[in-house]
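Just below is one structure, and these are the notes that go with it.
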Amino acid sequence: MSKLYCVFLFLGLAVSLRHVRALSQEEIAAIKTGLRPLIAECGKEFGVDEADFKKAKESGKLESLDPCLFACIGKKMGMINDKGEFDVEKSSETVKKFVKNEDELKKILEVIEKCASVNDEAVSDDKGCDRAVLLHKCMEPYRDQIYSTILKAKWILMKFCTDAEHSLEEHIGY
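FYI, the numbering for the sequence shown is 1 to 174, going by the UniProt record's numbering.
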C-alpha cells in the first residue's frame, strides 16, 4: 500500500498543501512527515535543505528549486524510470492494486494517461529533471480530483509515512 501512497505523495509534492481544502491537518502532517526523508536525501544531492524547500513552497515558487530534486524524489518512488521518463505502466499498476472503486480508479487512470504525453516532449536531459517539471505541470490541474479520490478510496494510505522512527525507505522497501 505504501507504494500507492508514495505515488500520490509525489503528485502532491509540488502542490502547496495549504490550498488543498480536502486534507485535514493530520493528513497534511502525514504528508510532510513522509516527504521529509526524501527531501532531505535528495536535497543533500542537489544542495536544497528543508528550509530552502519550505521557503520556495511558501512563496509559491517551487519552480525556483532544481528540477532534478523532484526527479530524484520521483525515481525513489518509482514514478520516474532510469531513462528519466514518467513510468505510466508502473504508476497505473500501482493505482489498480489499491483503488477499488471503478469510478475513482477511472479518474486517476485518465489523469495518468493524459500525462503520459510528457514522455513525448523534447527535454534537455535524460535524468528526468525536465520531465519531472512537465509531469507536475500536467498533473497540477487535476490535483483536487486526485486528492479527493485518494481520500475517499484509501485515506489511510496517508498514514504510512507518519512513524518518525522509520524512514520512508523502510515502508516502500528500497
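Idealized CB from N, CA, C, for every residue including glycine.
CB of residue i within 7 Å of CB of residue j, strictly
{"i": "Cys-115", "j": "Cys-129", "result": "no"}
{"i": "Val-133", "j": "Pro-67", "result": "yes"}
{"i": "Ser-64", "j": "Ala-56", "result": "yes"}
{"i": "Leu-38", "j": "Lys-76", "result": "yes"}
Assumed close pair residue i, residue j - CB separation to whole angstroms, cut-off 8 Å
{"i": "Ser-69", "j": "Val-88", "result": "Here residue 69 is Leu; the residue named in the question, Ser, does not match the sequence. So it is not a contact: roughly 22 Å between Cβ atoms."}
{"i": "Ser-125", "j": "Gly-84", "result": "Contrary to the premise, residue 125 reads as Asp rather than Ser in this sequence. Indeed, because the Cβ distance is near 7 Å, the residues count as touching under 8 Å."}
{"i": "Gly-43", "j": "Phe-53", "result": "7 Å"}
{"i": "Ile-73", "j": "Ser-91", "result": "So it is not a contact: roughly 14 Å between Cβ atoms."}
{"i": "Lys-107", "j": "Ala-71", "result": "Rounded, the Cβ-Cβ distance is 26 Å, inconsistent with contact."}
{"i": "Arg-131", "j": "Ile-80", "result": "7 Å"}
{"i": "Leu-109", "j": "Val-95", "result": "7 Å"}
N- and C-terminal bounds of the alpha helix (DSSP H) containing residue i
{"i": "residue 208", "result": "Residue coverage of the chain in this structure runs from 1 to 174, which leaves residue 208 outside it and unanswerable."}
{"i": "Gly-74", "result": "67-76"}
Exercise. Taking the runs of the alpha helix (DSSP H) that are 4 residues or longer, which of them lie wholly in the stretch 81-146?
Worked result: If one requires a minimum length of 4 residues, the alpha helix (DSSP H) runs lying completely within the stretch 81-146 are 88-98, 102-115 and 129-139, in chain order.
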